[in-house]
Each structure stands twice: as C-alpha cells, then as structure tokens.
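Count along the sequence shown starting at 1, add 30, and that's the number in the working numbering. Encoded as structure tokens, the structure appears first; notes follow it.
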Amino acid sequence: MLAKHKFFRLFRYNHTQKNPNIKPLRHLICNPFCTATESPELPSWIKSSDTKNPDEDFVIPSLASWVESYKLHDPRLALKISSEKTDTDIDRLSRILKNRYPSPDEVVQALDGSCLSASTGLIEQILRRFSNDLVPALGVFTWAKTQTGYRHTPEIYTSMVDILGKGKKFDLMWDLVREMDDLNDGYVTLATMGKIMRRLARGGRYDEAVEAFRGLDKFGVTRDAMAMNLLMDALAKEKSVEHAYEVFSQFKGCTPLNVGTFNILIYGWCKARKLEDAERTMDEMKKHGFVPDVVSYTSFIEHYCREKDFRKVDEIFKEMQEKGCKPNAVTYTIAMHALGKAKQINEALEVYAKMKSDGCLPDAKFYSSLIFILSKAGRIKDANEIFGDMKKQGVMPDVLTYTTMISFACEHSREEDALKLLQKMEEDSCKPNLKTYAPLLKMCCKKRRMKVLNFLLIHMFRNDVSIDAGTYALLVRGLSMSGKLELACSFFEEMVSKGMVPMNATYKILIEQLNKKSMGEAKEQIEKLMSQVKPQESV
Numbered sequence: 031m032l033a034k035h036k037f038f039r040l041f042r043y044n045h046t047q048k049n050p051n052i053k054p055l056r057h058l059i060c061n062p063f064c065t066a067t068e069s070p071e072l073p074s075w076i077k078s079s080d081t082k083n084p085d086e087d088f089v090i091p092s093l094a095s096w097v098e099s100y101k102l103h104d105p106r107l108a109l110k111i112s113s114e115k116t117d118t119d120i121d122r123l124s125r126i127l128k129n130r131y132p133s134p135d136e137v138v139q140a141l142d143g144s145c146l147s148a149s150t151g152l153i154e155q156i157l158r159r160f161s162n163d164l165v166p167a168l169g170v171f172t173w174a175k176t177q178t179g180y181r182h183t184p185e186i187y188t189s190m191v192d193i194l195g196k197g198k199k200f201d202l203m204w205d206l207v208r209e210m211d212d213l214n215d216g217y218v219t220l221a222t223m224g225k226i227m228r229r230l231a232r233g234g235r236y237d238e239a240v241e242a243f244r245g246l247d248k249f250g251v252t253r254d255a256m257a258m259n260l261l262m263d264a265l266a267k268e269k270s271v272e273h274a275y276e277v278f279s280q281f282k283g284c285t286p287l288n289v290g291t292f293n294i295l296i297y298g299w300c301k302a303r304k305l306e307d308a309e310r311t312m313d314e315m316k317k318h319g320f321v322p323d324v325v326s327y328t329s330f331i332e333h334y335c336r337e338k339d340f341r342k343v344d345e346i347f348k349e350m351q352e353k354g355c356k357p358n359a360v361t362y363t364i365a366m367h368a369l370g371k372a373k374q375i376n377e378a379l380e381v382y383a384k385m386k387s388d389g390c391l392p393d394a395k396f397y398s399s400l401i402f403i404l405s406k407a408g409r410i411k412d413a414n415e416i417f418g419d420m421k422k423q424g425v426m427p428d429v430l431t432y433t434t435m436i437s438f439a440c441e442h443s444r445e446e447d448a449l450k451l452l453q454k455m456e457e458d459s460c461k462p463n464l465k466t467y468a469p470l471l472k473m474c475c476k477k478r479r480m481k482v483l484n485f486l487l488i489h490m491f492r493n494d495v496s497i498d499a500g501t502y503a504l505l506v507r508g509l510s511m512s513g514k515l516e517l518a519c520s521f522f523e524e525m526v527s528k529g530m531v532p533m534n535a536t537y538k539i540l541i542e543q544l545n546k547k548s549m550g551e552a553k554e555q556i557e558k559l560m561s562q563v564k565p566q567e568s569v
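Quick look at the structure:
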C-alpha cells in the first residue's frame with residue numbers, strides 16, 4: 031500500500047508551487063459551518079463603504095419558515111451552526127472540513143483529534159459533498175484508511191480516483207490505482223478504468239487515455255467491447271472522434287464489436303459535422319453484419335436539427351418508417367426541441383401529436399423539452415399546465431423538469447414560484463444539481479437577496495452538491511455587478527484556494543467594480559491572487 035507521506039509529497043509540492051503564498055481565510059464569509067460565537071470581522075482589504083440594503087434580509091413570507099428551518103443566523107453569510115446533540119456525524123465532519131486546511135495531511139491531523147468513526151455511508155456522502163474540493167476529499171479518504179475496523183470499498187476508491195482525475199492530479203490518480211491493485215481483491219474494475227479514461231480525455235490527454243485502455247490487462251480488467259466502447263465514447267464526447275476512430279481501426283481485429291461501437295462513431299462524426307464520415311461508418315456497420323438501429327438514425331436527425339434542415343429530418347423519419355425502425359422518446363424530443371428553438375412552435379407541437387399517434391410514450395425529458403419551448407414562446411400558462419399534468423400521465427418530474435421550470439421562473443423574476451419549486455423538489459425527494467441552483471443564485475445576486483443566497487448555499491451543501499468553478503464565477507460576477515464586493519472577493523479567494531482558475535472575464539469584472547469603488551487594497555490582493563494562479567491549466 032502506498033505510504034501516506036509519499037502520497038502527500040507530490041500533492042503538497044504541486045499545490046504549493048502553483049499557489050505560493052495563498053493562505054485562504056479560515057473564516058471565509060461564505061462558510062456556512064463557521065463555529066465562531068460571533069460573526070468574524072472581514073479582513074481590511076475586502077471592506078468597503080457599502081451600506082446595507084433592506085432587501086438583503088427579505089424573505090418571502092410564505093417561505094420564511096422553510097428558509098429559517100435551515101438555521102440562518104447572520105445575513106452577511108458569516109454563519110454559525112451550533113453543535114447540537116442532534117448533529118449527525120456528517121454535520122460534525124463537514125464542520126471540521128470547512129476550516130479550509132491547506133493540505134490533506136493537515137485534514138488528517140485535525141480528524142485524528144476528533145471522536146468521529148469512519149463508515150462506508152459517511153465517507154461516500156463526504157466524497158459527494160466535497161467532490162469539487164480536493165484537499166478535504168483526499169484528507170478524509172486518507173484518514174478513514176487509518177481507522178480500526180474500517181476498509182474502503184472498491185466504489186469509494188473509484189470515487190476518489192475520479193475526484194483526483196477531475197482535479198487533474200493524474201500522477202496521484204495513478205498512484206491510487208496502483209494501491210488498489212496491490213490490495214489483490216479485484217478493487218480495480220472497468221468502472222475505475224472508465225473514470226480514468228474519461229478524465230484523461232476531458233483533460234485533452236487522448237494518447238494517455240488510449241494507453242490506459244491498452245494496459246487494462248495489467249489490472250485484471252478485460253479488454254472487451256464494453257471497455258473499448260467506454261474509451262471511444264469518452265474520446266468522441268470530448269471532441270476527438272478522430273482519436274476514437276483510430277482506436278476502432280487499431281483494435282477492431284482483436285476486440286469484439288457491437289452495434290454500440292458503430293453508434294459511438296456515428297454520433298461523434300455527426301457532432302463534429304462530418305456527415306460523410308458518419309455515412310461511411312453506417313455502411314461499414316452494415317458490412318460487419320449489424321443493422322442500424324434507432325440510436326444510429328437519431329444521431330443523423332440530431333445533426334440535421336442542429337443545421338435547421340428540417341426537410342432532411344422528415345426524410346430520416348420516413349426512412350426509419352420504411353426500415354421498420356420506430357423512433358423512441360429521445361428521437362422525438364430532439365426533433366421537437368429543435369423546432370421549438372427555431373420558433374416553429376406549431377410544427378414542434380405536431381411532433382408531439384405524431385409521437386402520441388405512433389404509440390410512443392413521452393418521458394420526463396420529453397416533457398421538460400415541451401415545457402422549455404412553450405415557456406420560450408411566452409406560453410407560460412400552457413407550460414404550467416403541462417407540468418401539472420405530468421403526474422396524471424404517470425410521469426414523475428425529474429431534476430431536468432424542475433430545473434427548466436425554475437429557470438423560467440427566475441428569468442421572469444418570479445422569485446416565490448422559483449423557490450416553491452425548489453421546495454417541491456425537496457418534498458418529492460428529487461435531488462437538485464448545480465444547474466438547478468444556478469438560476470436561483472443568479473437571481474439572488476441580482477436582487478441582493480443575501481439571506482436567501484445564504485439559504486441556497488446551505489441547501490446545496492446539505493444536498494451534497496459541490497460548488498464548481500462555473501458556480502464560483504457566477505457568484506463573483508453576480509455579486510460584483512450588484513455591488514456586494516466584499517462577498518465577491520471572498521468567493522474569488524475561496525475559488526483560488528481550492529485550486530480553481532478564474533476565467534479572465536470573471537477577474538476583469540471584479541477588478542472593474544473594485545476600481546469604481548476605489549477599493550485599492552482589495553484590488554491589489556485580487557491581482558496578486560490572479561498572478562499566482564495564471565500559470566495553472568484552466569479548469
């Protein structure tokens with residue numbers, strides 16, 4: 031097993047070399063688990079002369095009890111959550127991790143002094159909750175390995191491998207895979223290697239992804255059609271269908287092929303707008319004895335929808351009918367959505383009618399698309415009726431449906447409707463994701479609803495939704511434009527302390543607003559932070 035000190039040495043070197051002198055504030059004002067008895071003072075460099083707006087504490091009366099149930103104390107986002115007897119292990123562990131330790135080994139030291147015990151459920155939830163925050167995730171993972179009577183499951187190891195890959199810590203990722211292999215219990219699975227190949231492809235390391243596939247046998251993983259399809263899919267979806275085709279050409283003689291293999295290529299070529307290559311792949315598919323299926327044809331339909339060539343879309347539908355290949359809900363959704371975006375609403379609704387006449391049942395994604403195009407067309411009442419009718423039709427709204435409804439409520443400044451939809455998700459046990467929260471956070475920044483913004487951040491945390499670089503950018507931009515520069519600076523600093531690299535556009539907006547408010551010291555600190563992270567690879 032890899033020694034802890036060896037595992038951390040490379041991490042600490044990379045982290046400190048790329049972020050010299052960055053000392054994240056332990057009391058970041060967006061920290062919902064601050065345990066201070068009083069709200070901490072903001073450092074002098076991010077203080078401004080802003081006066082407090084009455085809107086900041088406003089909460090819609092009908093939602094007040096729900097919002098207050100999340101233990102909000104300080105509308106400046108400097109919150110304290112008391113250590114009540116009802117606290118769970120996840121609450122206590124999260125409170126420790128929110129202290130923003132500079133390295134994983136310091137996290138381990140802090141947890142060694144706690145009375146907490148590791149369990150599979152606890153570690154799984156923590157890794158979800160901190161999936162975009164490498165230091166606490168790696169610290170907890172390492173600490174748990176030292177606990178008597180506890181052993182990580184293969185799934186937890188795979189989750190940690192994925193987090194390291196997401197953070198572009200590829201050397202550490204491979205160290206952990208070798209540690210898994212040393213356990214000799216089948217810990218390295220196709221799921222593990224699939225995560226690795228996808229993260230390498232997403233990081234633009236296409237050749238390394240291919241080498242990972244080539245070396246599957248070393249870890250006892252079979253190099254079969256499913257494994258090859260995982261690699262090809264990762265490459266095709268990361269705008270490298272050419273690499274996917276090279277894999278196909280190189281391994282087709284020694285690896286079994288299936289319909290999915292060809293469909294991945296067809297999809298990739300269509301997405302890359304290389305129609306001739308897609309058609310050639312379909313011909314090759316037939317030569318290998320495979321019949322094009324609904325997935326094959328749907329890729330072509332999606333291509334023509336993207337080009338707004340709806341005449342060709344109709345031709346593909348007719349060809350499918352002639353070949354006895356019935357469109358599915360995904361096919362109809364793509365066609366209807368494209369027509370709706372092209373403002374051909376009547377034609378889009380005709381797709382809905384055709385779908386019903388063909389006996390194809392709509393699913394949640396189809397309804398989400400229908401709600402989207404009706405809302406875009408200003409037919410809000412119709413969209414609400416469709417949403418309300420879903421359960422009667424035996425289809426439960428999913429996270430995409432709720433996110434679509436919330437987005438349009440926020441777009442039209444219907445604050446109460448948007449928050450009630452989030453509350454309804456909670457009641458229906460439908461877990462929100464980052465896309466659900468994004469329009470709500472944006473609306474709160476615009477309206478300067480700081481108490482509700484605080485509530486949303488805690489709501490995200492308790493739903494194990496980890497803030498990513500895009501969400502930090504949204505908060506920095508939104509708070510900068512609404513004049514809440516103290517908070518904008520704090521989110522910027524926390525973003526950098528997590529190893530994320532702000533986009534230049536985000537940085538420029540913050541600097542411009544600091545200039546307007548003559549906050550010279552804060553501007554200097556932000557410039558210093560940005561200069562330290564600029565050499566990093568963009569997140």
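Ideal placement from N, C-alpha and C gives every residue a C-beta, glycine not left out. Treat the numbers as computed from the prediction; the structure is a model and nothing was measured.
Collapsed DSSP secondary structure at residue i in the structure displayed
i       : result
Tyr-362 : helix
Met-490 : helix
Val-482 : helix
Ala-394 : helix
Cys-440 : helix
Ser-147 : coil
Glu-268 : coil
Glu-516 : helix
Arg-56  : Unreliable positioning characterises Arg-56 in this predicted model, as indicated by a pLDDT of 31, which lies under 50. The coordinate reading is nonetheless provided below. Residue state, collapsed to three classes: coil.
Thr-222 : helix
Gly-234 : coil
Ser-561 : helix
Thr-285 : coil
Asp-498 : coil
His-318 : coil
Asp-192 : helix
Tyr-275 : helix
Ile-90  : coil
Alpha-carbon spacing of residue i relative to residue j, whole angstroms
i       : j       : result
Tyr-485 : Tyr-187 : In the sequence on display, residue 485 carries Phe and not Tyr. Going from the Cα of Phe-485 to the Cα of Tyr-187 covers about 32 Å.
Ile-153 : Asp-163 : 14 Å
Phe-200 : Gly-550 : 39 Å
Tyr-275 : Ile-556 : 45 Å
Arg-479 : Phe-88  : 7 Å
Glu-309 : Phe-292 : 11 Å
Met-227 : Met-262 : 9 Å
Lys-269 : Asp-498 : 22 Å
Ala-468 : Cys-440 : 10 Å
Ser-95  : Gln-453 : 12 Å
Gly-179 : Ala-148 : 9 Å
Lys-316 : Ser-326 : 12 Å
Glu-415 : Ala-372 : 23 Å
Glu-629 : Asp-339 : Nothing can be reported for residue 629: it is not among the residues displayed for the chain, which extend from 31 to 569.
Leu-559 : Asp-344 : 54 Å
Thr-219 : Pro-166 : 25 Å
Thr-176 : Ser-124 : 19 Å
Tyr-217 : Met-210 : 6 Å
Cys-475 : Met-350 : 48 Å
Thr-150 : Ile-156 : 10 Å
Buried versus exposed call for residue i [16 or more other C-beta atoms within 10 Å across all chains shown]
i       : result
Asn-534 : exposed
Arg-208 : exposed
Cys-145 : exposed
Leu-483 : buried
Glu-445 : buried
Pro-91  : exposed
Asp-192 : buried
Ile-76  : At Ile-76, the pLDDT of 43 sits below 50, so the modelled position is not reliable and the matter cannot be decided from this model.
Cys-519 : buried
Where the alpha helix (DSSP H) containing residue i begins and where it ends
i       : result
Gly-179 : Run containing Gly-179: none; DSSP gives neither H nor E here.
Leu-470 : 464–477
His-333 : 324–336
Val-381 : 375–387
Ile-120 : 119–127
Phe-347 : 340–352
Gln-573 : Outside the displayed range of the chain (31 to 569) lies residue 573, so it cannot be described from this structure.
Ala-413 : 410–419
Cβ of residue i within 8 Å of any chain B Cβ
i       : result
Asp-119 : This model lacks chain B altogether, as it is built from one protein chain only.
Report yes or no: do three or more beta-carbon pairs, one from the segment 398–418 and one from the segment 368–379, lie closer than 8 Å?
-> The segment 398–418 vs the segment 368–379: in contact.
Inspect the CB distances between the segment 499–512 and the segment 131–147 and report whether three or more fall short of 8 Å.
-> Not touching, per the Cβ criterion.
Within the chosen definition, does the segment 246–264 reach the segment 280–292 through at least 3 CB pairs nearer than 8 Å?
-> Taking 8 Å as the limit for Cβ pairs, the verdict is that the segment 280–292 does touch the segment 246–264.
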